[in-house]
Amino acid sequence: MALIDASGLKEDGFTRVAESAALPAGDMILPLGKISADGPEVLARGDRLGVHLPNTAKLDEVWPLLDDVALISIEFPSFADGRGFSLARQLRQRGYRGQLRAFGPLIADQLRHALGCGFDEVETPEAVIARQPISQWGAALRTITLHYQRGTGRGLSILDRRRAAREASHEQRLAHALPA
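Note that my numbering has the sequence shown beginning at 9, numbered continuously upward.
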């Protein structure tokens, strides 16, 4: 898997742990089913804890488990399944401040949208990177600069920009229409 953020390829400081695997040393991402049993041990050792959520997770059910979680990884079973974007947005709106990672076969054109929904990074299979090298991810990020949805502090949407331009134009017309 390759880990990509807004600046490109990055090293992964977390180890992903399978449901039936023993806990390794260091920072790790646990499946949701393992978090209650093994999470306290990871934290007691002083390691950072991450949790992997399915994109079908109900926020009200998992929110109480997220107090000490440094990273949340959200599953994307396919690039066409956008439920993970909604879950990331809900987590940010609810106040989650840790790292958010999209996990699955997202494509370069989805990086800007992922960042706009609150993700910090995308972990995608090497097969995707073989088809779309890291240079294409950077190009897509630079090329797709406008968006319709309001993001999480990532600039104005197209609709917000249009509204601001209309208001500025209206104020200019009023200023020229008023006698000095």
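Glycine included, each C-beta is placed from N, C-alpha and C at the ideal position.
*Smallest Cα separation from Asp35: which of Asp76, Ala172 and Leu149?*
Nearest of Asp76, Ala172 and Leu149 to Asp35, Cα basis: Asp76.
_Close beta carbons around Leu17, own chain, < 8 Å, minus the five adjacent residues each side_ = Contacts found: Ala10, Leu11 and Ile142.
*Enumerate in chain order the residues of its own chain whose CB-to-CB distance from Leu67 is below 8 Å, with the five nearest sequence positions on each side excluded.*
Around Leu67: Leu95, Gln98, Leu99 and Arg102.
*Kindly confirm or deny that the segment 143 to 152 and the segment 27 to 45 touch, where touching means at least three C-beta pairs closer than 8 Å.*
Taking 8 Å as the limit for Cβ pairs, the verdict is that the segment 27 to 45 does not touch the segment 143 to 152.
*asked:* Considering only DSSP beta bridges, list what Val59 is partnered with.
replied: Bridge partners of Val59: Leu38 and Ile80.
*Going by the CB atoms, is the gap between Pro48 and Val25 shorter than 9 Å?*
No.
_C-alpha gap between Gly21 and Arg91, whole angstroms_ = Here the alpha carbons of Arg91 and Gly21 stand approximately 26 Å from one another.
_So, under 8 Å CB-CB, Ile37 and Leu79 are touching, yes? Tell me the CB distance rounded to an integer number of Å._
Right, their Cβ atoms sit about 6 Å apart.
_Residues sharing a beta bridge with Lys66, DSSP_ = In the DSSP assignment, Lys66 forms no beta bridge with any residue.
*Compare the beta carbon distance of Ala138 and Pro113 with 9 Å and say whether it is the shorter of the two.*
The answer is no: Cβ separation not under 9 Å.
_Spatial distance of Lys42 from Leu108 (CA atoms)_ = Lys42 and Leu108: Cα-Cα distance of roughly 19 Å.
*Just to confirm, are Asp13 and Asp128 a CB contact at a threshold of 9 Å?*
Yes.
*DSSP on Asp20, reduced to helix/strand/coil?*
Three-state result, Asp20: coil.
*Between His60 and the rest of its own chain, which residues show a CB-CB distance below 6 Å, the 5 nearest in sequence each way excluded?*
Here the set comprises Ile37, Pro39 and Ser81.
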